[in-house]
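Residue numbers (our numbering): 6 to 157. Just so you know, even glycine gets a beta-carbon here, dropped at the ideal spot from N, CA and C.
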Ligand SMILES: [Zn+2]
Ligand SMILES: [Zn+2]
Ligand SMILES: [Zn+2]
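Next comes the structure, spelled out in structure tokens:
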């Protein structure tokens with residue numbers, strides 16, 4: 006995802022291209038690994054950019070809502086990574102090595118119909134991440150110990 010796309014998206018959604026938003030976007034796009042809000046805070050401080058933690062949290066949530074970043078939850082640990090794909094997509098994240106695959110097929114519209122019928126809500130967006138073990142990690146896991154069949 007490039008900066009132009011980011012700028013255009015904010016414009017399209019009538020959101021301000023504020024300095025913190027731009028800085029956080031840049032920091033995430035430079036990062037190789039996913040970053041927690043606190044790690045982001047420290048990365049920005051190192052560059053002499055002080056952005057409040059609350060503001061970082063809010064910006065990351067906004068990015069997630071816009072579908073330009075996604076959240077990786079590991080216990081109480083939450084990290085964010087920028088999306089590579091600009092189209093609607095979902096993620097599957099390896100719980101062992103952290104590798105992420107973005108895939109573009111989405112079956113949720115079928116599911117949404119049922120949700121609308123039973124709740125009466127109008128659905129505007131959805132986010133869904135899958136977690137599991139990637140092929141490489143599965144091989145390692147299977148190699149040594151006998152791992153019980155995984156249901157995830
Ligand atoms: Zn993504
Ligand atoms: Zn893995
Ligand atoms: Zn979807």
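- Message: Is it buried or exposed, residue 32, if we count other Cβ atoms within 10 angstroms and call 16 or more buried?
- Response: Flag for residue 32 reads buried.
- Task: Tell me residue 95's beta-bridge partners as DSSP assigns them.
- Result: Looking at the DSSP assignment, residue 95 forms a beta bridge with 108.
- Query: Sorted by chain position, which residues of the same chain lie with C-beta nearer than 6 Å to residue 126's C-beta, five sequence neighbours on each side aside?
  - Reply: Closer than 6 Å at the Cβ level, and outside the excluded window around residue 126, lies no residue.
- Message: Suppose you measure from the CA of residue 104 to the CA of residue 118; what does that come to, to the nearest Å?
- Response: Here the C-alpha atom of residue 104 lies approximately 32 Å from the C-alpha atom of residue 118.
- C-alpha gap between residue 69 and residue 120, whole angstroms: So the alpha carbons of these two residues sit roughly 22 Å apart.
- Item | Proximity of residue 46 and residue 28 at Cβ, strictly below 8 Å | Cβ distance not < 8 Å, so residue 46 and residue 28 don't count as in contact.
- Query: Between the C-alpha atoms of residue 107 and residue 54, what's the straight-line distance to the nearest angstrom?
  - Reply: So the alpha carbons of these two residues sit roughly 31 Å apart.
- Quick one: what's residue 79 bridged to in DSSP? Partner(s): 82.
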